[in-house]
Amino acid sequence: MSKNKNASAAHMRGFGYAGACDDNEFEDWLSEKPMRQQEWEQYLSVLQNGPRKSEFDPKDMNTPWVHSPFFGRLLAENDLSGDKAELVREFHENGLIKIDLRETICDGTAEKLIEELAEGYDDPVRIQDAWRSNEKVKQIALFPKILDTLELIYGRDAVPFQTLNFRVGTEQAGHTDTIHFDSLPHRFMCGVWVGLENIDENNGPLFYYPGSHLLPIYDFFDVGREGSRNPDESSAAYAVYVDFIDQLMSAHGLQKETLTVEKGEAVIWSANVIHGGSPILEEGRSRHSQVTHYYFKDCRYFTPLQSNWHKADVLYRDIVNIRTDEVVPNAYLPAPAPTPGPQPIGKRRALKVLLGLAQ
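According to our numbering, numbering within the sequence shown proceeds without interruption in unit steps and concludes at 528.
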């Protein structure tokens, strides 16, 4: 009999399985992806034996727990409800999830925001950082359901630092956000895209490649180019990079998926997932939406396409937290505890120190 037979429904749900609680169907689901079977074994081991005692604790890894090689163990230790476990697993495997904000967005907020921003488009496609002047843009960036979901997935406080409001589709080539925004530790960054109207196949929907976030992080150095703060040089290198990304997807056999989104749905994607904008098939159609980019607390924040690690030339970012309107300090690892100051000692101990008999 398989070791997976007779797994309880609670265990299946806690592992992020949403199908019928039938042993055979569960085994078929596990076999769809090799990582699932390995993670299930980690998960069961924690449930049966408790957390493993060792010098190294997987929770100490400098990576989002959802991207950890010990994901199965951490999932068991977090003891999430079925719905949360399913959400986290989907993000772990695909690098992208949808959440429903329709109750909040569809109360007239979307229409009012579109109207308020109508005269603010100096760029034909987008407005950057409208949160500074428009309270509704800031409100969307700070929706509690978004922040709660991000902090569940990443295990750290989210730091919203940039908004982009679009009136039409970008038709942007496939790329990762890590070429634009990265962090130390890596992968503590993500994007959240909120539909302010219905997005279908004809008005330039997003596309992405499920599972592409599991690939290594690539920058200009990897494609034989250098980062540059010269716009012409950077644009030339970026053209090589996006061609590389296109060929990379073919080399790994990853399949593009188009994301149709209803007004009020939000899409959360991992920083390293390949995504872009589909062609606008119906000329003149709008595609009103808002993207907010988030870093996470206790990281160093930098711009890869303007950096060259091999030359120790890194453009660190002074980001402003939209929550507080304050600059976020760059940090890496928790700060060490302060060294205690000198302590008074008695005369007898002082004499021993002088004679080398004590320290």
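Note that beta-carbon positions come from the ideal geometry of N, C-alpha and C, so glycine has one too.
Run through DSSP, which three-state label would residue i get?
i: Met181; result: helix
i: Phe114; result: No answer is possible for residue 114: it lies beyond the span of the chain, which begins at 170 and ends at 528.
i: Tyr186; result: coil
i: Val497; result: coil
i: Ser223; result: coil
i: Ala506; result: Unreliable placement is indicated for Ala506, whose pLDDT of 46 sits below 50; the coordinate value is still reported in the next sentence. Correct three-state label for Ala506: coil.
i: Tyr212; result: helix
i: Asn218; result: helix
i: Val489; result: strand
i: Lys521; result: Caution applies to Lys521, whose pLDDT of 49 falls short of 50 and renders its modelled position unreliable; the value that the coordinates give is listed next. Note: Lys521 maps to helix in three-state DSSP.
i: Asp197; result: helix
i: Asp291; result: coil
i: Asp482; result: strand
i: Ala176; result: coil
Give me the residue from the options with the minimum Cα distance to residue i.
i: Arg336; options: Ser177, Arg456, Asp192 and Asp191; result: Arg456
i: Arg301; options: Arg221, Gly277, Thr347 and Gln331; result: Gln331
i: Arg242; options: Leu316, Gly373, Gly264 and Arg205; result: Arg205
i: Ala189; options: Leu199, Ala178 and Gly183; result: Ala178
i: Phe465; options: Pro448, Val361 and Ser352; result: Ser352
i: Ile368; options: Lys425, Glu426, Gly338 and Glu320; result: Gly338
i: Trp438; options: Thr318, Gly289, Ser419 and Ile296; result: Thr318
i: Ala310; options: Tyr501, Ile268 and Ile491; result: Ile491
i: Tyr470; options: Asp276, Met358 and Arg394; result: Met358
i: Asp276; options: Ser404, Ser223, Lys432 and Pro293; result: Lys432
i: Glu285; options: Asn303, Gly324 and Asp292; result: Asn303
i: Phe350; options: Glu255, Pro329 and Gly364; result: Pro329
i: Asp269; options: Thr493, Asn499, Tyr463 and Ala435; result: Ala435
i: Gly445; options: Asp467, His462 and Asp346; result: Asp346
i: Asp326; options: His382, Tyr463 and Asp391; result: Tyr463
i: Leu428; options: Trp362, Ile386, Thr461 and His382; result: Trp362
i: Leu256; options: Ser397, Ala187 and Asp292; result: Ala187
i: Phe239; options: Ser223, Gln207, Glu196 and Asp412; result: Gln207
i: Lys307; options: Gly289, Leu321 and Thr493; result: Thr493
Alpha carbon to alpha carbon, what distance is there between residue j and residue i?
i: Leu384; j: Phe260; result: 14 Å
i: His355; j: Phe225; result: 20 Å
i: Ile488; j: Pro313; result: 21 Å
i: Arg454; j: Glu340; result: 13 Å
i: Leu199; j: Val430; result: 29 Å
i: Ile283; j: Asp482; result: 40 Å
i: Glu366; j: Gln459; result: 10 Å
i: Glu395; j: Gln416; result: 20 Å
i: Asn218; j: Ser250; result: 20 Å
i: Trp234; j: Asp192; result: 28 Å
i: Asp252; j: Met181; result: 12 Å
i: Thr273; j: Glu452; result: 30 Å
i: Ala176; j: Asp467; result: 39 Å
i: Tyr323; j: Tyr485; result: 22 Å
i: Val496; j: Ile315; result: 21 Å
i: Leu213; j: Glu194; result: 18 Å
i: Ala254; j: Gln211; result: 15 Å
Report all residues from its chain with a CB closer than 7 Å to the CB of residue i; omit the five preceding and five following residues, and keep chain order.
i: Ile414; result: Gly343, His344 and Ile443
i: Glu220; result: What sits at residue 220 in the sequence shown is Pro, not Glu. Around Pro220: Glu246.
i: Tyr407; result: Leu474
i: Ser237; result: Pro227, Met230 and Leu243
i: Thr278; result: Lys305
i: Lys425; result: Phe376 and Tyr378
i: Ile348; result: Asp388, Tyr410, Pro473 and Leu474
i: Arg258; result: Gly185
i: Gly360; result: Asp346, Trp438, Val460 and His462
What residues in its chain sit with their C-beta under 6 Å from that of residue i, if we drop five residues either side in the sequence?
i: Gln297; result: Leu333
i: Arg267; result: According to the sequence as given, residue 267 is Lys; it is not Arg. Result list for Lys267: Glu434 and Val436, in chain order.
i: Arg271; result: Gly433
Using a Cβ-Cβ cutoff of less than 8 Å, which residues in the same chain neighbour residue i once the five nearest sequence positions on both sides are dropped?
i: Gly380; result: Glu262, Asn263, Gly264 and Leu423
i: Ile449; result: Val337, Gly338, Glu340, Asn371, Asn372, Gly373 and Arg456
i: Trp209; result: Asn173, Phe184, Leu199 and Gly241
i: Leu542; result: In the structure as shown, the chain begins at 170 and stops at 528. Residue 542 is therefore absent and cannot be evaluated.
i: Val294; result: Phe335, Arg336, Val337 and Thr339
**OP:** Kindly provide the ranges of any beta strand (DSSP E) runs that are 3 or more residues long and lie completely inside the stretch 241-287, ordered along the chain.
**Re:** 265-269
Subject >> Runs of beta strand (DSSP E) lying entirely within the stretch 427-479, each at least 3 residues, in chain order >> reply: 434-439, 444-446, 458-465 and 469-471
**OP:** Output the residue ranges of the alpha helix (DSSP H) runs that lie fully inside the stretch 312-368 and measure 4 residues or longer, sorted by chain position.
**Re:** 313-323
Original post:
Could you give the uninterrupted runs of the beta strand (DSSP E) lying entirely in the stretch 370-434, keeping only those of 3 residues or more?
Top reply: 375-377 and 426-428
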